[in-house]
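With the first letter of the sequence shown counted as 1, position 274 gets the number 274 in UniProt numbering; the numbers rise by one all the way through.
Below is one structure, written out as structure tokens, with a few remarks after it.
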Amino acid sequence: MKLKQSVKMLSSAAALLAASQSASAGSAFVHLFEWSWNDIAQECETFLGPKGFDAVQISPPSEHVNISQWWARYQPITYQNLTSRSGTEAELQSMINRCHAAGVKIYADIVVNQMANNLDGGNTGIGGTPWSPRNYPEFSPQDFHPSCDTNYGDANSVWSCELYGMPDLDHSLPYVRDTIGAYIKRLSDMGVDGFRIDASKHMPPADIQGFLNAAGNPWVFLEVIGAAGEASQIQPPNYTYLGPVTEMGYGTAVAGNFNGQIKHLLNLGESWGLLPSNDALVFIDNHDRERGHGGNGNLTYHNGAKYNLANVFMLAYPYGYPKVMSSYQFDPNTTAGTDMGPPAPGGCDANGWVCQHRWGNIANMVGFRNYTLDAWSLDNAVTISDNAIAFGRGDKGFVIINNESQSVSETLYTGMPQGSYCDILAGEDECSGTLIQVDASGNATFNVPAESASAIHGGAVPGGNQTPTANISAAPGTEVSVGTQVTLDASGSSDPDGSIVSYQWSTGASSAAISVTPQSAGSTTYTVTVTDNQGATDDESLTISATDGGAASNFEQLYFRGTANSWDTTAMSLVADYTWQTEVYFDGQANQRFKFDVFGDWSYNFGDNGADGTLEQTGGDIFTNVIGHYQVTVNDQQLTYQLQPLDGFSSNWSGVYVRGTFNNWGCTAMTLVDDNTWAASVTLDGQSNQRYKFDRHCDWSDNYGDNNADGSLETNGADIFDASNGVKTLQLNDSELTHTSF
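This is the structure:
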């Protein structure tokens, strides 16, 4: 990380700030349908982040009916209890945090049109909440429309009648809108970046706008299944002002041509009756369409090579915001099969999960999509045959898709600079297969087997990916008066061999620029992490100092100096009478220490001889073993100082993982929940010799066990045995070196 004002910092408790931020669509995301929160977190860290996926869509995070079918998730019991088949609220929060740390956003599927009516699992939800039809913790009979049969030719009927007999919420009621808005706001506050609004066409757009207003207007996309002959008011164009809409016609059109002649796809777009690209959320299939719901005609994983190639086309072609489906195995020919719920958790390492997003062609095309975002055009398109096409994306990338039953060998103009490029579809990893040579004229020869594809882009070349460079500018500047709005802009960040595809600020914002307004005197540092199209990242930090000019002091200025800033001079801010503050990131290095310097030249400096919080002129270095972001405060009248954690809790460790038989000795990140206290929720199955240990770096170099089974931890100690079954919370104290579970 680069630091422009000597120390790494986050938002200050002393400088209250108003930040404007907004989530937005990115390059490509994946729907991990019915995955557990713990499995999603691990997938973010080990695959989605490194492969460059922009976001992951998760199944609805709310309590639902207690039955096994997948559609149980679409029969909510309450929004108060977030326990679901995917896990607990604590596991949901941990997943959000871990995915964000991996550079992956979270889109939550939310069901707010209707409530549950299926009593096959009894009148207690999966999280233990009692209910009955039209009687739920938040809602009573007066909050619903009367029962009626839906007439799809009448918009008011669609908006008011029951979907599959499920009680239909009356969104015209302020209480209903506010309750839904509070649920969405709660998820947003947990870090959810966007939402899929299920069954949107069954709600008036104005009512959706109402509960989104109550939620603070987060980024959303809407499920609107357009169908000929239905009322004009419920067609997709009426909802696009709220956010992108699921373009159901896209997957049908792509499937029809892959089952016919793909040469026609070179002009796919709005002229086909599809939504404008900016309004379209596209996919080859989704959880409904692969089961025959919402219309037929889509390709699914059952179609093998054609499905694979269709996803290659979607990720290469400049239209819409693409979503990759990741399914589990089911029988599409029986009701029992299409209703079947998910297999046991375990993600791609467990039986029954298809994991299309990990297929080499699909996964590697995410990098292609990311790299070519800045070249939003179709260039150098070629019809090789009825079922073989090629096209480029400016000078960024080029793809050939061969849907024929025989191989294709062609020399084509790519529009790309001369050089050697990896055929990203010739191996599991982007550069593990064939190299394609582009000559000085921009031509290259491609040999593509039957039902296969070949793709190159400037971000996948022999020798690997180069790191991007983050850059922040501040207007009007970094030193302002209280109440002055400052715009922090990271759009000047760059990537030498690709493009910047995402921005993540320490405030939680994901836009290129944010605005902040200091409400009191003090210093606050903002950090942005930029990610390139190959998943490489870089950080930049910038400190904004605000003054009010009215405070009394004995010093004209004061500087923090120590190992945290390589003994440089970090100016402290006068925030109140005789009170100076700054924020410092301490990394816990050996002999970590600091002092205070009035003039910045050591001629008038202060330390602490007694390690008692009292300063003496030319006193000794002040040693500390804290880790994290801290506010450092000095009182120049009393000559005292203190350190206060800014990220909520103090700790001696920067992180720790739990590893055991329950996660195949993988790494489950623990969360800092109190001073020096780390916690993680795990699911134990009671297997023979079930055990675990704690590992600080996920590499066994600094691990802890319990030699005496007494709750005390020892370095390289013995495995901790636990024969329990079910969800359990493990806690560790990194100061006392103790552990507990409950």
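Quick reminder that beta carbons are idealized off the backbone N, C-alpha and C, glycines included.
Under the three-pair Cβ rule at 8 Å, the segment 336-350 does not count as touching the segment 372-381. Cβ-Cβ distances below 8 Å link Tyr-175 to Asp-143 in the same chain, with the five nearest sequence neighbours on each side left out; the list follows chain order.
In the DSSP annotation of this structure, the continuous segment of the beta strand (DSSP E) that includes Glu-583 starts and ends at 579-587. Spatial neighbours of Thr-569 in its own chain (CB-CB distance under 7 Å, excluding positions within 5 residues in sequence) are listed in chain order as Tyr-559, Arg-561, Asp-597 and Gly-600.
Straight across, the Cα-Cα distance linking Pro-237 with Val-224 is about 9 Å. For Pro-167, the three-state secondary structure derived from DSSP is coil. Following the DSSP letters along the chain, one finds Ala-336 in no beta strand (DSSP E) but inside the alpha helix (DSSP H) bounded by residues 335-339. If you keep only unbroken alpha helix (DSSP H) runs of at least 4 residues inside the segment 17-75, you get 37-43. By DSSP's assignment, Cys-161 forms no beta bridge with any residue. Under the 10 Å beta carbon count, Pro-342 is surrounded by 16 or more other beta carbons and is classified as buried. Take the alpha-carbon of Leu-732 and the one of Asn-364: they are about 39 Å apart. For the segment 219-262, the continuous alpha helix (DSSP H) assignments of 4+ residues that do not extend past its boundaries occur at 248-258, in sequence order.
Only residues of its own chain outside the window of five on either side were considered, and among them Tyr-704, Gly-705, Asp-706 and Asn-707 have a CB closer than 7 Å to the CB of Gly-717, listed in chain order. As a beta-bridge residue in DSSP terms, Ala-280 pairs with Val-245. For Gln-731, the uninterrupted beta strand (DSSP E) run begins and ends at 725-733, by DSSP. Put simply, of Gln-93, Phe-47, Cys-44 and Gln-69 the residue whose alpha carbon is nearest the alpha carbon of Pro-61 is Gln-93. Nearest to Ser-541 by alpha-carbon distance, out of Asp-489, Gly-535 and Met-572, is Asp-489. With the rule of 3 Cβ pairs closer than 8 Å, the segment 163-173 counts as touching the segment 192-210. Only buried fits Asn-533, as 16 or more other CB atoms lie within 10 angstroms of its CB. Between the alpha carbons of Phe-221 and Leu-713 lies a distance of about 48 Å.
Between Asn-66 and Ile-126, the CB-CB gap stays under 9 Å. Counting only residues of its own chain and dropping the five nearest sequence neighbours on each side, Ile-262 has a CB closer than 7 Å to the CB of Asn-387, Ile-389, Ile-401 and Asn-403. By the CB criterion at 9 Å, Asp-734 and Thr-677 fall inside the cutoff.
If you draw a straight line from the Cα of Gly-122 to the Cα of Ser-132, it is about 9 Å long. Membership of Asp-379 in the beta strand (DSSP E) is indicated by the continuous run 379-385.
Residue environment: Ala-55 is assigned as buried (16 or more neighbouring CB atoms within 10 Å of its CB, all protein chains considered). Beta-bridge partners of Phe-596 (DSSP): Phe-560 and Phe-606. In the DSSP assignment, Ser-326 forms a beta bridge with Leu-32.
Around the beta carbon of Phe-694, a 10 Å sphere encloses 16 or more other beta carbons of the protein chains shown; the residue is thus reported as buried. Here the alpha carbons of His-264 and Gly-256 stand approximately 10 Å from one another. Ranked by Cα distance from Thr-88, the first of Val-516, Ser-277, Leu-737 and Lys-728 is Lys-728.
When only Cα atoms are considered, Leu-309 and Asp-149 end up about 41 Å apart. Cβ atoms of Ile-106 and Val-192 come within 8 Å of each other, at about 5 Å.
Its chain contains Ala-155, Val-158 and Lys-201 as the residues whose beta carbon lies nearer than 6 Å to that of Ile-234, once the 5 sequence neighbours on both sides are disregarded; these appear in chain order. Listed as beta-bridge partners of Lys-105 by DSSP are Ala-55. One alpha carbon belongs to Phe-662, the other to Gly-352, and they sit about 19 Å apart.
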